[in-house]
Amino acid sequence: MRIAFSADDRNATTDAVQAFLAEAGHEVIHPATSELWPELGAAVGKAVAGGEADFGVVMCWTGTGTAIAANKVPGVRAALAWDTWIAAGARKWNDANVLALSLKRLSPDVAVEITEVFLSGIAPDADESANIARLGEMDEFRR
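Residues in the sequence shown are numbered from 1288 upward in steps of one, following our numbering.
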C-alpha cells in the first residue's frame, strides 16, 4: 500500500513507525512541505483524499493536532489511537483512513503495533455503512 506519512518531530517512535512501514513493504510518501503540524496533517489528508495514498499516518506530540488538521480535508476520517483496540475499531466502525499517533506518549513498540493493526486490512462493518456514509455527507459542512 501507499502510505502518506508526516510528523512534526523526530524520535525513536517516529523512526520505528517509518521503519515498520518500509519493512512491511509499504511505499511511504511524505507529502508535506512545511514543518508546522497543521500543514503536516492537512498534507497527509489531501494525499489520502486525493488518491495519492491509500492511508495516512500523522504524528505530533499528542496526535490530536495533526488529526484535527487532517480531518479538515473533505473525505478524511482521521482517528487518534493509543492502543490496538482503538485502531481496529477506527477501521471497523468508522472506516478511518488516517491514523494519528502521539510521538511523545507512545513507545516505539506500541506505536508500531497500533499502526500494524490499523493497516491490517480490517474491513468496515456492514452494519455501520449508513453511519459511515453519513460521515461522507457531512463533508458538505466544510465547503
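Cβ coordinates follow ideal geometry from the N, Cα and C atoms, glycine included.
Classify residue i as buried or exposed, calling it buried when 16 or more other Cβ atoms lie within 10 Å of its own Cβ.
| i | result |
| --- | --- |
| residue 1418 | exposed |
| residue 1382 | buried |
| residue 1372 | exposed |
| residue 1306 | exposed |
| residue 1428 | exposed |
| residue 1323 | exposed |
| residue 1333 | buried |
| residue 1389 | buried |
| residue 1337 | exposed |
| residue 1293 | buried |
| residue 1346 | buried |
| residue 1377 | buried |
| residue 1295 | buried |
| residue 1312 | exposed |
Could you check what DSSP says for residue i in three-state terms: helix, strand or coil?
| i | result |
| --- | --- |
| residue 1422 | helix |
| residue 1417 | helix |
| residue 1314 | strand |
| residue 1409 | coil |
| residue 1289 | strand |
| residue 1294 | strand |
| residue 1383 | coil |
| residue 1308 | helix |
| residue 1388 | strand |
| residue 1320 | coil |
| residue 1393 | coil |
Going by alpha carbons, who is nearest to residue i out of the options?
| i | options | result |
| --- | --- | --- |
| residue 1298 | 1395, 1356 and 1289 | 1395 |
| residue 1406 | 1342, 1291 and 1423 | 1342 |
| residue 1352 | 1386, 1337 and 1415 | 1386 |
| residue 1401 | 1301, 1363 and 1295 | 1301 |
| residue 1414 | 1331, 1375, 1392 and 1379 | 1379 |
| residue 1364 | 1304, 1331 and 1349 | 1331 |
| residue 1423 | 1370, 1398 and 1358 | 1358 |
| residue 1384 | 1315, 1426, 1397 and 1340 | 1340 |
My assumption, with CB atoms under 8 angstroms, is that residue i sits in contact with residue j. Please give the rounded CB distance.
| i | j | result |
| --- | --- | --- |
| residue 1318 | residue 1291 | 5 angstroms |
| residue 1404 | residue 1304 | Contact flag wrong, Cβ pair sits at about 13 angstroms. |
Just list the alpha helix (DSSP H) runs in the region 1330-1375, keeping only unbroken ones of 4 residues or longer that don't cross its boundaries, in chain order.
1351-1358
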